[in-house]
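Numbering of the sequence shown is given in numbering that gives the first Met the number 0, commencing with residue 0 and proceeding in unit increments. Here a beta-carbon is modelled for each residue, glycine too, at the ideal position from N, C-alpha and C. Let me begin by presenting the structure, written as structure tokens, before commenting on it.
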Amino acid sequence: MSGSTAGIPIKLLYEAEGMKITAEMKNGEIYRGLLLNAEETMNLTLSDVVRTSKNGQVSKVPSVYLRGSMVRFISLPELLVDAPVFKKVVSLKKRAEAERGAGGAAGNKRKRE
0 MSGSTAGIPI KLLYEAEGMK ITAEMKNGEI YRGLLLNAEE TMNLTLSDVV RTSKNGQVSK
60 VPSVYLRGSM VRFISLPELL VDAPVFKKVV SLKKRAEAER GAGGAAGNKR KRE
């Protein structure tokens, strides 16, 4: 894992290794299983997989390797909300908002009603 060049979504995916995830593919298939490995290209290795095809047919597969370019989205466990990666993002966002506010650019923002 080369964490220095990976973006936040990939780092979060690394944090999910060893947890149950769900991945929906571009062809409509859904895979739910234990994330063994994630790569910077979003390639995933899952074990103890339940595969649901587009027509709803369910099958069990011992392991599967999913190509990242074919993944539509990934559902991660909610406990990752407390991951250190998210805490870093929140602090960076607050710092950026504070800098914008101090710079006078905040007056250009429209307020929501």
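Indicate whether residue i and residue j have their beta-carbon atoms separated by less than 8 Å.
{"i": "K59", "j": "G27", "result": "no"}
{"i": "V123", "j": "V49", "result": "This structure cannot speak to residue 123, because the chain is shown only from 0 to 112."}
{"i": "M79", "j": "A15", "result": "Note that residue 79 corresponds to Leu in the displayed sequence, not to Met. Contact flag set, yes."}
{"i": "K25", "j": "P76", "result": "no"}
Excluding the 5 residues preceding and the 5 following residue i in the sequence, name in chain order all residues of the same chain whose CB lies nearer than 6 Å to its CB.
{"i": "P8", "result": "none"}
{"i": "S62", "result": "S46"}
{"i": "S74", "result": "T21"}
{"i": "I29", "result": "E23, T51"}
{"i": "T44", "result": "L35, N36, Y64"}
{"i": "M69", "result": "M24, K25"}
If residue i sits next to residue j, beta carbons under 8 Å apart, how far is it from one beta carbon to the other, in whole angstroms?
{"i": "G82", "j": "L33", "result": "Here residue 82 is Ala; the residue named in the question, Gly, does not match the sequence. Not confirmed; about 18 Å, so no contact."}
Between the Cα of residue i and the Cα atoms of the options, which residue gives the shortest distance?
{"i": "G67", "options": "S90, M41, V80", "result": "M41"}
Cβ-heavy atom distance between residue i and the ligand GTP below 7 Å?
{"i": "R50", "result": "Absence of the ligand GTP is noted for the structure shown, with no ligands found whatsoever."}
Examine chain B for any beta-carbon lying closer than 8 Å to the beta-carbon of residue i, and answer yes or no.
{"i": "I29", "result": "The chain inventory of the structure shown lacks chain B, comprising one protein chain alone."}
Who are the Cβ neighbours of residue i in its own chain at under 7 Å, not counting the five residues just before and after it?
{"i": "R71", "result": "E23, M24, K25"}
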